[in-house]
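A.B. asks: Position one of the sequence shown corresponds to residue 8 (my numbering), numbered consecutively onward. Here a beta-carbon is modelled for each residue, glycine too, at the ideal position from N, C-alpha and C. Next up is a structure, given as structure tokens.
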Amino acid sequence: MTRRSLAAVAAGLALTLTACGGEGAGSGDNGSGGGAEGDVTVGVSMPTQTSERWIADGANVEAGLQEAGYEVELQFANDDIPTQSQQIDQMITQGVDLLIIAAIDGTALTSQLSAAADAGIEVISYDRLIRGSEDVNFYVSFDNYNVGVQQGTSLLQGLGLLNPDGSPGTATGPFNVELFAGSLDDNNAQFFWDGAIDTIQPFIDSGAIRVKSGQTAIDQAAILRWQQETAQRRMEDLLTSAYNDGSRVDGVLSPYDGISRGIITALQNAGYGGAGQPVPVITGQDAEIASVKLINDGVQYSTIFKDTRLLADEAVRAAGSILEGQEPEANDTETYDNGVKVVPSFLLESQIVTKDNIVPALVETDYYTQAEVDAGQAS
Ligand code: BGC
């Protein structure tokens with residue numbers, strides 16, 4: 008992803024905000040994005056820099072907040088729970104005015120949030136819902152159940168069980184499919200899984216899809232911290248244990264592009280992708296550039312594009328409202344119960360991307376350049 012284009016988009020969004028009444032820049036400011044609110048600081052806590060989406064999220068949120076005139080304290084936690092807790096503790100001690108947090112473990116931040124509430128600091132939960140706390144003020148994310156539906160749908164389309172328009176396809180199977188899920192401490196993992204399984208279950212019931220390993224429970228399919236290497240090892244184990252009789256894997260439900268790349272490596276090491284040995288239909292999520300290239304090259308079948316530029320914009324908009332003492336606008340007040348309360352949310356839509364629509368979905372929207380897609384690398 009080009010930082011350049013992200014920053015430009017963020018700047019454009021901030022200008023739009025200010026042009027619409029100056030919300031983002033705070034009361035009394037003329038919307039020029041400069042100095043007046045320089046003493047208002049937003050702490051932004053992101054989970055990791057090992058996945059490009061979180062790097063882009065951090066950069067986009069930071070740029071949007073700065074354009075709106077706020078100071079930003081941005082930290083990445085290296086996928087380590089104590090590191091994230093400590094970074095948030097420090098932000099609270101340092102006296103930030105608002106926190107935007109994408110949690111590593113959605114259940115691990117209760118005491119930090121309680122300390123924030125005691126200090127009068129409101130909290131926006133970013134993409135991953137923080138659970139078990141009264142002190143989450145707002146949630147910005149995507150329609151995560153629908154992301155799972157899209158993953159299941161694209162798996163069915165890739166296998167030919169559904170046509171691109173959703174009508175029944177001509178393929179009948181039976182297809183051997185294996186299932187992967189995300190990290191169970193991330194609230195999103197269950198949503199993705201539920202959406203995908205609800206979508207493919209009728210085909211399991213009819214016998215068109217069979218999970219040859221028998222591993223159909225989410226805790227068997229889950230990959231801690233969404234790690235590529237863990238996914239590769241699980242796929243290797245599945246090949247050894249369930250496909251040592253000459254049978255082949257036809258499809259893999261994968262919830263995230265990094266997991267998909269681990270699965271692909273395991274399959275390629277076992278000969279898939281060689282002559283007469285097609286790579287199975289493999290799904291993904293996040294439209295990471297390395298995976299977009301794999302899709303373009305016909306190795307991975309699909310990903311789910313979530314435009315994180317828009318998510319960052321929503322976070323900046325919600326931050327502006329809260330800092331001005333207003334309620335941020337929600338478009339969902341029912342779905343996201345964190346175990347203590349239903350958190351008002353703003354949810355965005357996502358999109359299935361296959362080889363057929365990389366250009367309109369990702370290139371024409373300036374998410375990537377064609378050269379980046381060809382190279383499999385952001386410039
Ligand atoms: C996000 C996904 C991402 C995953 C792994 C989830 O919480 O919603 O977009 O693929 O974390 O980073």
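Can you grab the Cα-Cα spacing for the pair T160 / D339, in whole Å?
C.D. replies: Cα-Cα distance, rounded: 24 angstroms.
A.B. asks: Which residue wins for smallest C-alpha separation from L81, given the options I108, L105 and V51?
C.D. replies: Residue V51 is the option with its Cα nearest to L81.
A.B. asks: Regarding S298 and the ligand BGC, is the C-beta to nearest heavy atom distance less than 7 angstroms?
C.D. replies: False, no ligand heavy atom lies under 7 angstroms from that Cβ.
A.B. asks: Looking only at DSSP bridge pairs, what is R217 linked to?
C.D. replies: According to DSSP, R217 bridges with N183.
A.B. asks: Report the CB separation of S140 from T177 in whole angstroms; it is logged as a contact under 8 angstroms.
C.D. replies: Not confirmed; about 50 angstroms, so no contact.
A.B. asks: Evaluate the contact criterion for the segment 73-87 versus the segment 117-137: three or more CB pairs, one atom per stretch, below 8 angstroms.
C.D. replies: No contact exists between the segment 73-87 and the segment 117-137.
A.B. asks: Looking at the structure shown, is P376 part of a helix, part of a strand, or coil, going by DSSP?
C.D. replies: The question names Pro, but residue 376 in the sequence shown is Thr. Three-state DSSP puts T376 in coil, outside helix and strand.
A.B. asks: Whole angstroms are fine: how far does the CA of L301 sit from the CA of G280?
C.D. replies: Roughly 12 angstroms between the two C-alpha positions.
A.B. asks: Under a Cβ-count criterion, where at least 16 other Cβ atoms within 10 Å of its own Cβ denotes burial, should I107 be classed as buried or exposed?
C.D. replies: Its Cβ being crowded by 16 or more others within 10 Å, I107 is buried.
A.B. asks: Quick one: any contact between the segment 335-355 and the segment 98-107, if contact means 3 or more CB pairs under 8 angstroms?
C.D. replies: At 8 angstroms Cβ cutoff, the stretches do not touch.
A.B. asks: So, helix, strand or coil for I111, using DSSP?
C.D. replies: Note: I111 maps to coil in three-state DSSP.
A.B. asks: Using alpha carbons as the reference points, say which of R316, Q197, D363 and T223 lies closest to L72.
C.D. replies: Out of R316, Q197, D363 and T223, R316 has the C-alpha closest to the C-alpha of L72.
A.B. asks: Quick one, are the C-beta atoms of G298 and T361 less than 8 angstroms apart?
C.D. replies: First, the amino acid is wrong: residue 298 is Ser here, not Gly. Contact flag unset, no.
A.B. asks: Pull up the DSSP beta-bridge partners for G155, would you.
C.D. replies: Paired residues: none, contrary to the question.
A.B. asks: Could you give the DSSP three-state label for G50: helix, strand or coil?
C.D. replies: Note: G50 maps to strand in three-state DSSP.
A.B. asks: Give a single yes or no on whether G139 has its beta carbon closer than 7 angstroms to a heavy atom of the ligand BGC.
C.D. replies: No, Cβ of G139 sits at least 7 angstroms from all heavy atoms of the ligand BGC.
A.B. asks: Could you have a look at I204 and say whether DSSP puts it in helix, strand or coil?
C.D. replies: Of the three classes helix, strand and coil, the one that applies to I204 here is helix, per DSSP.
A.B. asks: Spatial neighbours of P171 within its chain, please: C-beta separation below 7 angstroms, excluding the five flanking residues on both sides.
C.D. replies: Excluding positions up to five away in sequence, the list reads Q164.
A.B. asks: Does the contact criterion of 3 or more C-beta pairs under 8 angstroms hold for the segment 208-216 versus the segment 228-241?
C.D. replies: Contact fails: fewer than three Cβ-Cβ distances are below 8 angstroms.
A.B. asks: For A249 versus S267, is the C-beta distance shorter than 8 angstroms?
C.D. replies: No, Cβ-Cβ distance for A249 and S267 is not below 8 angstroms.
A.B. asks: If I measure Cβ to Cβ from E129 and keep anything under 7 angstroms in the same chain, skipping five residues before and after, which residues do I get?
C.D. replies: Excluding residues within five positions, the ones whose Cβ falls inside 7 angstroms are L105, N144 and I329.
A.B. asks: Where does the unbroken alpha helix (DSSP H) through E243 begin, and where does it stop?
C.D. replies: It spans Q235 to A249 - the alpha helix (DSSP H) in which E243 sits, taken as one unbroken run.
A.B. asks: Start and end of the alpha helix (DSSP H) containing E69?
C.D. replies: From DSSP, the alpha helix (DSSP H) with E69 extends over E59 to E74.
A.B. asks: Helix, strand or coil for D344, going by three-state DSSP, please let me know.
C.D. replies: Three-state result, D344: strand.
A.B. asks: With DSSP as the reference, identify every bridge partner of G258, one or two as the case may be.
C.D. replies: Its beta-bridge partners are V184 and V288.
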